[in-house]
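Residue numbers (our numbering): 9 to 270.
Let me begin by presenting the structure, written as C-alpha cells, before commenting on it.
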C-alpha cells in the first residue's frame with residue numbers, strides 16, 4: 009500500500025494539472041466550462057425533486073435528502089474533468105507559483121473569466137428547458153423557488169460569510185483531489201463536498217446564482233438587481249475563501265517545507 013503523498017508531492021501534482029488547465033485551447037476551455045454549467049443544473053433539479061418528495065413525510069430530513077441528490081453533480085464535474093469556477097483555483101495558482109519569472113497573470117485571468125462566463129452560458133441553456141411547463145414535477149418547482157428566495161434574501165454579510173465557506177470548501181476539494189490516486193477516492197471526495205456545499209447551503213457563485221436564476225424562471229420573487237448582488241457577493245466571498253484561505257495557505261505550506269531549516 010502506497011503512503012499518502014506529502015504536501016510537496018501534492019503541490020507538484022497540482023502544478024502539472026495547473027499547466028494542463030492553463031494550456032487548454034480556447035475551444036476546449038469554452039466546451040469544458042459550458043458542460044460544467046449545465047451539469048450544475050442537473051444537480052439543482054435533482055435537489056428540488058428529492059426535497060419535494062421527502063418533505064411531506066419527513067420535513068426535517070428534506071434538506072439532507074436534497075443535498076444528497078445534488079452531490080452527484082459534483083462527481084460528474086470532477087470525473088468528467090470539466091472546468092468549474094473556484095474548483096480551478098488551486099492547481100493553476102500552483103503552476104503560476106512554480107513558473108520562472110512570471111505569475112502567469114494573463115493565462116489565469118483568461119482561465120477564470122472564460123470559465124465563469126461559460127459556466128453561466130451552459131447553465132442558462134439547460135435552465136431554459138427545465139423551465140418549460142411540465143418538464144419537471146410541479147412539487148419540485150415550489151421547492152426550487154423557496155430555496156432560491158431564501159438564498160437571495162440573505163443579508164450581504166451573511167451571504168459573504170457563506171461564500172467564503174463555499175469558496176474554501178470547493179478549493180479544498182481541488183487540493184484533496186491531488187492527494188489521492190484512485191477514481192473511487194476522487195468520487196467519494198467530490199460527493200462529500202457536493203453534499204456539504206448544498207446542505208449549508210454555502211454560496212458557490214455558479215451554483216448559487218444558477219439556483220436563484222432557476223427560481224426566477226419559475227416565478228420566484230427575485231429581481232435581476234438582487235441576482236446581480238448575489239453574483240457580486242458570492243464571487244467576492246469565493247475569492248477570499250478559495251484563493252485567500254485555502255490556496256495561499258497551501259502554497260505557503262510548501263514554501264515552508266522547501267525553505268532551509270532555521
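Just so it is clear, CB atoms sit at the ideal spot from N, CA and C, and this is done for glycine as well.
Check                                                                                                                                                                        : Outcome
Check each candidate in 31, 58, 32 and 165 and name the one with the smallest Cα separation from residue 145.                                                                : 58
Can the beta-carbon of residue 311 be found less than 8 Å from the beta-carbon of residue 124?                                                                               : No answer is possible for residue 311: it lies beyond the span of the chain, which begins at 9 and ends at 270.
Just the C-alpha distance for residue 132 and residue 19, rounded to the nearest angstrom, thanks.                                                                           : 35 Å
If contact is defined by three or more beta carbon pairs under 8 Å, each pair taking one atom from either stretch, is the segment 188-200 in contact with the segment 61-73? : no
Measure how close the beta-carbons of residue 186 and residue 22 come, nearest whole angstrom, since I'm counting them as under 8 Å.                                         : 5 Å
Of the residues 232, 82 and 81, which one's Cα is nearest the Cα of residue 160?                                                                                             : 232
Are the segment 86-95 and the segment 256-266 touching by the rule of at least three beta carbon pairs closer than 8 Å?                                                      : no
Which runs of the alpha helix (DSSP H) fall wholly inside the segment 140-167 and span at least 4 residues, in chain order?                                                  : 146-160
Can you say whether residue 196 is buried or exposed, counting buried as having 16 or more other CB atoms within 10 angstroms of its CB?                                     : exposed
Is the number of C-beta pairs between the segment 22-34 and the segment 103-123 that are closer than 8 Å three or more?                                                      : yes
How big is the Cα-Cα spacing for residue 107 and residue 97?                                                                                                                 : 16 Å
Can you tell me the Cα-Cα spacing of residue 95 and residue 198, whole angstroms?                                                                                            : 11 Å
Can you tell me whether residue 11 is buried or exposed? The criterion is at least 16 other CB atoms within 10 Å of its CB, across all chains shown.                         : exposed
Contact defined as beta carbons within less than 8 Å: I believe residue 85 pairs with residue 47. What is the distance between those atoms, to the nearest angstrom?         : 6 Å
Consult DSSP for residue 127 and reduce its assignment to one of helix, strand or coil.                                                                                      : helix
When you compare each of 113, 93, 78 and 137 to residue 243 by their alpha carbons, which one comes out closest?                                                             : 93
What does the alpha-carbon distance come out to for the pair residue 42 and residue 17?                                                                                      : 31 Å
Measuring CA to CA, which of 173, 200, 180 and 229 is closest to residue 212?                                                                                                : 173
Within 10 angstroms of its Cβ, does residue 65 collect 16 or more other Cβ (buried), or is it exposed?                                                                       : exposed
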